[in-house]
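Below is one structure, written out as structure tokens; comments come after it.
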Amino acid sequence: MSIDRIESGPRMSKAVIHGDTVYLSGQVADRTKGGSVADQTAEILEIVDALLARAGTDKTKLLSASIWLTDIGSFADMNAVWDGWVAPGCAPARATVEAKLAAPPFRVEIAVIAAR
Numbered sequence: 054m055s056i057d058r059i060e061s062g063p064r065m066s067k068a069v070i071h072g073d074t075v076y077l078s079g080q081v082a083d084r085t086k087g088g089s090v091a092d093q094t095a096e097i098l099e100i101v102d103a104l105l106a107r108a109g110t111d112k113t114k115l116l117s118a119s120i121w122l123t124d125i126g127s128f129a130d131m132n133a134v135w136d137g138w139v140a141p142g143c144a145p146a147r148a149t150v151e152a153k154l155a156a157p158p159f160r161v162e163i164a165v166i167a168a169r
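Its first residue numbered 54, the sequence shown is counted upward by one per residue in our numbering.
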């Protein structure tokens with residue numbers, strides 16, 4: 054079974070496709086970095102949509118999601134955007150934790166796994 058990579062670099066790939074499973078690396082918001090958790094979440098979910106489309110799938114086929122927040126107090130702000138994005142009846146298994154991210158302007162990071 055082949056392995057395909059999308060936007061592969063020396064350290065990581067934005068997405069890896071193996072069989073009928075698509076793995077997205079953790080995505081952060083470049084355009085809205087330093088902005089609100091809601092703005093960053095919205096941007097990240099746009100990125101996720103685009104990567105899933107390039108991999109031949111979409112958010113209706115999400116299997117799992119991992120979400121990191123720099124402040125768990127922003128959980129409701131992130132969820133407000135997430136709840137409006139996730140396809141009805143297609144919510145993935147999900148975990149959300151508080152963690153330090155790679156750089157202070159990033160307040161949210163999201164990684165997903167989807168079927169094709």
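We put the CB at the ideal spot given by N, CA and C, even for glycine.
Asked, Found
"What's the gap between the Cα of LYS153 and the Cα of GLY79?", "13 Å"
"Once you ignore the five residues that flank ALA95 on each side, which residues in its own chain have a CB closer than 6 Å to its CB?", "VAL134"
"Could you give the first and the last residue of the continuous beta strand (DSSP E) run that contains ALA118?", "115-122"
"Could you tell me if ILE163 is buried or exposed, where buried requires 16 or more neighbouring beta carbons within 10 angstroms of its beta carbon?", "buried"
"Between which two residues does the alpha helix (DSSP H) holding THR94 run?", "90-107"
"Assuming VAL165 is part of the beta strand (DSSP E), what are its boundary residues?", "161-168"
"Is there at least one Cβ from chain B nearer than 9 Å to ASP73's Cβ?", "Note that chain B does not occur in the displayed structure, where there is just one protein chain."
"With a threshold of 16 other CB atoms inside 10 Å of the CB of ARG160, please say whether the residue is buried or exposed.", "buried"
"Rounding to the nearest angstrom, what Cα-Cα distance links ALA129 and ALA155 in this structure?", "22 Å"
"Quick check on this structure: which residue in CYS143, VAL165, GLY109 has the alpha carbon closest to the alpha carbon of SER117?", "VAL165"
"Do VAL75 and ALA140 count as a contact pair if the criterion is CB distance below 9 Å?", "no"
"What did DSSP end up calling ASP136 once you bin it into helix, strand or coil?", "helix"
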